[in-house]
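Undergrad: The structure under discussion is supplied below as structure tokens; questions concerning it will follow.
In this note's numbering, the protein residues as written are 6 to 302.
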């Protein structure tokens, strides 16, 4: 069994179509701006940031064998991703995400990730058939897991012997999908990366601060938790201990992908051997650079 990657990224890899304007926007706004199409998706955004930190991620996802899929696969490979384990589908189209952003933040977004959901556990076959692991010899490295997977599949992962030895790092795809992560709260090696709203959804309440949220999630059995709150204080909690830091103040120019950048930067910092305080600081600095536009797309 040979693996030439530092981390597995499991979940959505798709085309991001993003319209951005420097104007404040509301429902019905029609303003000038720029429209871009770039590789995206939670798993892909994390993988791209990991590449910037010198790590080699392997993608476990589904990509269609349509024209958009061929372009997307080529783009992933050109960025240094290991695509050997991607499930290439004959009958499922390549997924897409569309968002509108204004000076006042994200206005609206639609995620068309139906193919990832339809593929189900087919994307996990390399963890079972010996290419990356098996039930008798489970994968023991770091795995970044995307909450775009179905609730049924996330429940399977939470109990599967294929993941029992992995260092799981889990991100919700959006607040609307945060509650899907509930089964993973009890996983003995899972760290969840959520924002304040998502933390509240998981606990079926609301929180005023990330520190409150981190303590509550640890109290519900979480092994590890990181809670962000935009430009307010962020917290990391493990083994009953919670650390809190304030992000750098920056001018926000984009928001799509900021949470994924934070998560990837934190994972990379821990792989480098940074202390919990240093890793949180590194992740906040990377996310601030991203939302300010300092980090190139």
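No residue lacks a Cβ here, since even glycine has one placed at the ideal position from N, Cα and C.
1. Along the alpha helix (DSSP H) that carries residue 159, what are the first and last residues, could you check?
2. Helix, strand or coil: which one does DSSP assign to residue 234?
3. Report all residues from its chain with a CB closer than 6 angstroms to the CB of residue 262; omit the five preceding and five following residues, and keep chain order.
4. Here's the rule: buried if 16 or more other CB atoms are within 10 angstroms of the residue's CB, otherwise exposed. What is residue 264?
5. Which one of 288, 293, 298 and 299 has the shortest CA to CA distance from residue 55?
6. Would you mind reading off the limits of the alpha helix (DSSP H) that contains residue 151?
7. By how many angstroms is the C-alpha of residue 68 removed from the C-alpha of residue 91?
8. Can you give me the C-alpha to C-alpha distance between residue 281 and residue 250, rounded to a whole angstrom?
9. Taking 8 angstroms as the limit between beta carbons, can you name the residues of its chain near residue 160, skipping five residues before and five after?
10. Let me confirm a value: residue 233 is counted as buried when at least 16 other C-beta atoms fall within 10 Å, else exposed. Which label applies?
11. Using DSSP's beta-bridge definition, name the partner residues of residue 87.
12. For residue 201, name the three-state secondary structure that DSSP assigns.
13. Considering only C-alpha positions, which residue in the set 195, 196, 149 and 186 is nearest to residue 209?
14. Take every Cβ of the stretch 131-138, pair it with every Cβ of the stretch 93-111, and state whether three or more of those distances are shorter than 8 angstroms.
15. What are the residues that DSSP puts in a beta bridge with residue 40?
16. Under three-state DSSP, which class holds residue 117?
17. Enumerate in chain order the residues of its own chain whose CB-to-CB distance from residue 231 is below 6 angstroms, with the five nearest sequence positions on each side excluded.
18. Mapping the DSSP letters down to three states, classify residue 293 as helix, strand or coil.
19. Between which two residues does the beta strand (DSSP E) holding residue 105 run?
20. One question on the structure: do residue 151 and residue 24 come within less than 8 angstroms of each other, judged by their Cβ atoms?
21. Does residue 288 come out as helix, strand or coil in the three-state DSSP assignment?
22. I'd like to know whether the C-beta atoms of residue 85 and residue 61 end up nearer to each other than 8 angstroms.
23. Taking only the alpha-carbon atoms, compute the straight-line gap between residue 277 and residue 58 and give it to the nearest angstrom.
24. State the CB to CB distance for the pair residue 171 and residue 144, rounded to an integer number of angstroms; the pair is presumed to be in contact (CB under 8 angstroms).
25. Can you find the residues in the same chain that come closer than 6 angstroms, C-beta to C-beta, to residue 132, ignoring five residues on each side of it along the sequence?
26. For residue 226 versus residue 191, is the C-beta distance shorter than 8 angstroms?
27. Considering just the uninterrupted stretch of the alpha helix (DSSP H) at residue 366, what are its terminal residues?
28. Sort 218, 291, 255 and 299 by Cα distance to residue 245 and report the nearest one.
29. Compute the distance between the beta-carbons of residue 89 and residue 48, then report whether it is under 8 angstroms.
30. Hey, how far is the Cα of residue 112 from the Cα of residue 22?
31. Is residue 256 helix, strand or coil when you go by DSSP?
32. Indicate whether residue 255 and residue 215 have their beta-carbon atoms separated by less than 8 angstroms.
TA: From the atom records:
1. Along the chain shown, one-based indexing puts residue 159 at 154. Looking at the DSSP string, the run of the alpha helix (DSSP H) that includes residue 159 is 156-164.
2. As a working mapping, residue 234 is identified with position 229 in the chain shown. If DSSP states are grouped into helix, strand and coil, residue 234 belongs with the strands.
3. Stepping through the chain shown from its first residue, residue 262 is reached at position 257. Closer than 6 angstroms at the Cβ level, and outside the excluded window around residue 262, lie 50.
4. As a position in the chain shown, residue 264 is number 259, starting the count at 1. Under this definition residue 264 is a buried residue.
5. As a working mapping, residue 55 is identified with position 50 in the chain shown. Looking at the Cα atoms, 288 is the closest of the given residues.
6. Translated into positions along the chain shown, residue 151 becomes position 146. No alpha helix (DSSP H) contains residue 151, which is instead part of the beta strand (DSSP E) from 147-151.
7. Numbered from its first residue, the chain shown carries residue 91 at position 86. Numbered from its first residue, the chain shown carries residue 68 at position 63. Those two C-alpha atoms are separated by around 7 angstroms.
8. By one-based count along the chain shown, residue 281 stands at place 276. By one-based count along the chain shown, residue 250 stands at place 245. Cα-Cα distance, rounded: 11 angstroms.
9. Locating residue 160 in the chain shown gives position 155, where the first residue counts as 1. Taken in chain order, the residues that qualify are 188.
10. Numbered from its first residue, the chain shown carries residue 233 at position 228. Answer is buried; the Cβ neighbour count reaches 16.
11. As a position in the chain shown, residue 87 is number 82, starting the count at 1. Residue 87 is bridged to 63.
12. The sequence position of residue 201 within the chain shown is 196, counting from 1. It is helical.
13. On the chain shown, position 204 is the one that residue 209 refers to. Checked all of 195, 196, 149 and 186; the closest Cα to residue 209 is 186.
14. no
15. Start at 1 with the first residue of the chain shown, and residue 40 comes out as number 35. According to DSSP, residue 40 bridges with 24.
16. Translated into positions along the chain shown, residue 117 becomes position 112. In this structure, DSSP gives residue 117 an extended state, which the three-state scheme calls strand.
17. As a working note, residue 231 is residue 226 in the chain shown. Once the five neighbours on either side are set aside, the close Cβ partners of residue 231 are 198 and 241.
18. The residue labelled residue 293 in the question sits at position 288 within the chain shown. Helix.
19. Numbered from its first residue, the chain shown carries residue 105 at position 100. Residues 101-107.
20. Position 146 of the chain shown holds residue 151. Position 19 of the chain shown holds residue 24. No, the pair does not count as a contact, with Cβ atoms beyond the cut-off.
21. Counting from 1 along the chain shown, the entry for residue 288 is found at position 283. Helix at residue 288.
22. Position 80 of the chain shown, counting from 1, holds the residue named residue 85. Position 56 of the chain shown, counting from 1, holds the residue named residue 61. Residue 85 places its beta carbon less than 8 angstroms from that of residue 61.
23. Counted from its first residue, the chain shown places residue 277 at position 272. Counted from its first residue, the chain shown places residue 58 at position 53. Their Cα atoms are separated by approximately 10 angstroms.
24. Position 166 of the chain shown, counting from 1, holds the residue named residue 171. Position 139 of the chain shown, counting from 1, holds the residue named residue 144. Separation of the CB atoms of residue 171 and residue 144 is rounded to 5 angstroms, and the pair is thereby assigned contact status at 8 angstroms.
25. In the chain shown, the residue the question calls residue 132 occupies position 127. Closer than 6 angstroms at Cβ, skipping near neighbours: 138, 144 and 167.
26. Counted from its first residue, the chain shown places residue 226 at position 221. Counted from its first residue, the chain shown places residue 191 at position 186. Contact: yes.
27. What is shown of the chain runs 6 to 302, which leaves residue 366 out entirely.
28. By one-based count along the chain shown, residue 245 stands at place 240. Out of 218, 291, 255 and 299, 218 has the C-alpha closest to the C-alpha of residue 245.
29. Residue numbering aside, residue 89 sits at position 84 when the chain shown is read from its first letter. Residue numbering aside, residue 48 sits at position 43 when the chain shown is read from its first letter. Result no, Cβ atoms of residue 89 and residue 48 do not sit closer than 8 angstroms.
30. Counting from one through the chain shown, the residue named residue 112 turns up at place 107. Counting from one through the chain shown, the residue named residue 22 turns up at place 17. Straight-line Cα distance between these residues: approximately 14 angstroms.
31. The residue you call residue 256 lines up with position 251 of the chain shown. Residue 256 falls in the coil class under three-state DSSP.
32. Start at 1 with the first residue of the chain shown, and residue 255 comes out as number 250. Start at 1 with the first residue of the chain shown, and residue 215 comes out as number 210. Residue 215 is positioned such that its CB atom lies no closer than 8 angstroms to that of residue 255.
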